[in-house]
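Residue numbers (mature numbering (1 follows the signal peptide of the UniProt record, and there is no 0)): -18 to -1, 1 to 153. Backbone N, C-alpha and C define an ideal beta-carbon position, used for all residues, glycine too. The model shown is predicted, which means the values in this text are computed figures rather than measured ones.
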Amino acid sequence: RIIAIQTLFDFFLTYGLSSFDLPPSVPPECEAYAALDFVGNSDMREMILSVLLDQLLDDSTLKIQTTTVEGFCKLIFSATLVDEEVIARLVVMFFELESREDDTFAITMQQILSVFFSCFGETRSDLKEQAKRAFLPCLKEVVQENDAKKVGPIFKLLLGLASGKRKDKEK
């Protein structure tokens, strides 16, 4: 599963997210695909991202979560993916990892996210705009988890990302 996830993210990095979209008209030799709902529709990309976001980031295996987090960080940093919901999930995960410091993959994931957020707004100004748009999805995520202790540090990080300055040093 790990190699399949890495391959999928590498495929997205190389060929873009639209590489899974099927053309509006299907050639006769591909009529078997015509039964799929995705023909002529760009929803295939959204469906794949939804599976990656909802199932793999919530997987019980930290190694799968770590691989998925790394893949999303690469897609966002390379400007292949612009999605505030993904950024919101990554921010919340960053703070959830503090309680799981004894696990090697949790430490690795925290390092990946720490480096990602350190470089987030410094290299491309459009990432600051994504951080601003991630504010409401992040708020929704925190409210659903009902963890008021996370609100301050999470929004401090988001404000730092949106302004281009890291303000989460003291977490």
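- Between the beta-carbon of A144 and that of I69 there is about 11 Å, and that puts the pair past the 8 Å contact cut.
- When only Cα atoms are considered, K56 and V125 end up about 27 Å apart.
- DSSP places D108 in the uninterrupted alpha helix (DSSP H) bounded by 108 to 115.
- Beyond the five residues adjoining it in sequence on each side, E127 comes within less than 8 Å, by CB distance, of V74 in the same chain, given in chain order.
- L121 carries a helical assignment under DSSP once its states are collapsed to helix, strand and coil.
- Apart from the 5 residues on each side of it in sequence, K132 sits with its Cβ closer than 6 Å to the Cβ of F77, V124 in its chain, given in chain order.
- Of the residues assessed, D65 falls on the buried side of the cut-off, its CB having 16 or more other CB atoms within 10 angstroms.
- Between the alpha carbons of E104 and S60 lies a distance of about 13 Å.
- Burial check for A113: the Cβ neighbour count within 10 Å reaches 16 or more, so the residue is buried.
- Per DSSP, the continuous alpha helix (DSSP H) segment holding S96 begins and ends at 86 to 105.
- Bounds of the alpha helix (DSSP H) holding A70 are 66 to 78.
- Leaving aside the five residues that flank D41 on each side, the residues in its chain whose CB is nearer than 7 Å to its CB run, in chain order, Q47.
- L79 places its beta carbon less than 8 Å from that of M91.
- Assigned with DSSP and collapsed to three states, L35 falls in helix.
- Counting every other CB atom within 10 Å of its CB across the protein chains shown gives I136 a total of 16 or more, marking it as buried.
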